[in-house]
Amino acid sequence: MAVFLPKGTRDFLPAQMNARLAVIGKLREVFARFGFEPLETPALERIETLTGKYGDEGDKLIFRILKRGEGSDRGETDLALRYDLTVPLARVVAMNNDLVMPFKRYQIQPVWRADRPQRGRFREFYQCDCDIVGCKDMSADAECVAVVHESLLALGFTDFTIRLNHRAILRAIVTAAGVPEREGAVLVAVDKLDKIGRDGVSAELLAKGVPQASIDTLWTLFEGRGEAALDHLAGALGEVGAKAIAELRDVLRFARAMGVGERLSFEPTLARGLDYYTGPVFETVLNDGSVGSVSGGGRYDGLVGMFSEKREVPAVGVALGLERLMVILEERKMLGDVRPTTTALVTVFDESLREASLTAVTALRAAGVAAQITLDAGGKLGKQLKRANEIGARFALVIGPEEAQAGIVNLKDLVSGEQHKLALAEAVAFVVAATRR
């Protein structure tokens, strides 16, 4: 029988997992430095928790789970795999009134989308989220921008730009173009600008009934980027966009104070496709354009209220896409040397010396050394040393009859080829010192 993985999913063998865990570890360190606390939520959510939060395009990509029993025959669904980590967070906040606000959480878990797999895009993938719930001040938005900035620097990236916009600015632009009733269609189309280009967006807008004159006005208002474009819109939109522009200027000002300035850019066409965004939105792209955005986020002040009518809780957050980051890190050879899990292998000469080898491996583990032991006694020493090399161990501890009689071990450095005959405690101390260098 031929065996295949479902499209858009992958296995991660130990070498790949070690690299992923190293990257996740660096991200966790940054998130913790910013004061974010860890959270996990179930892979499964009730279908009504997810639907209606992502827009029509997003709802189509939700992996629905058929009801069990009779409901499965009718194609009914009541559960789904989570689409992102933000909506589950909003549910958690709505269900837990005793959370200390502002609630700062990070979450690193897989999500699932029924999307078309392509380079850097999968149906099962990990998101690394940081969110601040319960703070209206734009300093929270700036902190989300700063945590992305520091995270990418920690991974070794320097050539990236963090794009910013504001949903209310987009609304004001659509209104100024004379098609406020087409806001949803305009934002969905503009969000595809990087994929289908200006002509493709214009064609989609025409197909959705947006007049050519309005499309021309949209492109005029979308012209430019950076501070000059923000100044231009401040004059063109007047009072309609004044509050949003002021908020965005605050985000830019606060982020610059945290050292993010040179990599920030106001982008009037940045839409972010999810329906729940209400304020500033942001995404990060690599300057060489080799892959889509590697992070995205924004303010979503109305999302928690969808689960609790009595509570209006402001919130803002950002997600880093682990899969795209891993693709680029690997292609650019930025992962470095990721150490194998095992540092030392203890050989077993024969059944009579198995207990001596078990004592040795236990001593190594007690000292904090990742160590394995040959599990079947009596194998040829050469074969055991070959296995030590195959698993990436740096050291092998050999206890033969001579070593056992003398109360020592033969410590082999498999990298340098050096050998040392030492007491067990000395050998353990040697390995510990070597692994710390």
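Residue numbers (this note's numbering): 14 to 450. Think of the CB as a built atom: it goes at the ideal place given N, C-alpha and C, for glycine as much as any other residue. Keep in mind that this is a model prediction, so the values were computed, not measured.
(message) Is it buried or exposed, S429, if we count other Cβ atoms within 10 angstroms and call 16 or more buried?
(response) exposed
(request) Flag this pair as yes or no: are the beta carbons of P293 and G315 separated by less than 8 angstroms? (result) no
(request) Just mark V19 as buried or exposed, buried being the case when its beta carbon has 16 or more other beta carbons within 10 Å. (result) Checking the sequence, you will find Pro at residue 19 rather than Val. Exposed, by the Cβ-count rule.
(request) Please list, in chain order, all residues of the same chain as T372 whose beta carbon is under 8 angstroms from its beta carbon, the five residues on each side excluded. (result) L437
(request) Taking only the alpha-carbon atoms, compute the straight-line gap between G309 and G330 and give it to the nearest angstrom. (result) 9 angstroms
(message) Let me confirm a value: Q131 is counted as buried when at least 16 other C-beta atoms fall within 10 Å, else exposed. Which label applies?
(response) exposed
(message) By alpha-carbon positions, which one of A155, V105, Y119 ends up nearest to R176?
(response) A155
(message) What would DSSP say about D91, mapped onto helix, strand or coil?
(response) strand
(request) Pull up the distance between the alpha-carbon of G237 and that of P281, whole angstroms please. (result) 8 angstroms
(request) List the endpoints of the continuous beta strand (DSSP E) containing K39. (result) Here K39 belongs to no beta strand (DSSP E); instead the alpha helix (DSSP H) covers 27 to 46.
(message) For T355, tell me which candidate among G392, E403, G395 has the shortest Cα-Cα distance.
(response) E403
(request) Measure the Cβ-Cβ separation of R95 and E58 and say whether it is below 8 angstroms. (result) yes
(message) For V422, which residues in the same chain have their Cβ closer than 8 angstroms to its Cβ, ignoring the five residues on either side in sequence?
(response) A373, L410, V411, I412, E416, K434, L435, A436, L437, A440
(request) On the DSSP bridge assignment, give the partners of I421 in chain order. (result) I421 pairs with nothing; no bridge assigned.
(message) As a quick exercise: from T171, V203, T90, E260, pick the residue whose alpha carbon is nearest that of I186.
(response) V203
(request) In the DSSP assignment, find the unbroken alpha helix (DSSP H) run with T375 in it and report its ends. (result) 367 to 379
(request) Grab me the residues of V105's own chain with a C-beta within less than 6 angstroms of its C-beta, minus the 5 sequence neighbours each way, in chain order. (result) none
(request) Buried or exposed for M14, please, with buried defined as at least 16 other CB atoms from any protein chain shown within 10 angstroms of its CB. (result) exposed
(message) Alpha carbons only, please: which of S303, F362, L358 is nearest the one belonging to A376?
(response) L358
(request) Select from V351, P55, G391, R126 the residue whose C-alpha is nearest the C-alpha of S370. (result) G391
(message) Quick check: the region 317 to 325 against the region 188 to 205, are at least 3 beta-carbon pairs closer than 8 angstroms?
(response) no
(message) Out of A447, F17, A380, E296, which one is the CA nearest neighbour of H162?
(response) E296
(request) Work out the CA separation of W232 and E217 for me, nearest whole Å. (result) 14 angstroms
(message) Helix, strand or coil, according to DSSP, for R59 in the structure here?
(response) strand
(request) In the DSSP assignment, find the unbroken alpha helix (DSSP H) run with D72 in it and report its ends. (result) 68 to 72
(request) Could you check the C-alpha separation between G90 and M339 for me, to the nearest Å? (result) The question names Gly, but residue 90 is Thr in the sequence shown. Approximately 34 angstroms between the Cα atoms of the pair.
(request) Report the three-state DSSP secondary structure of C157 (helix, strand or coil). (result) helix
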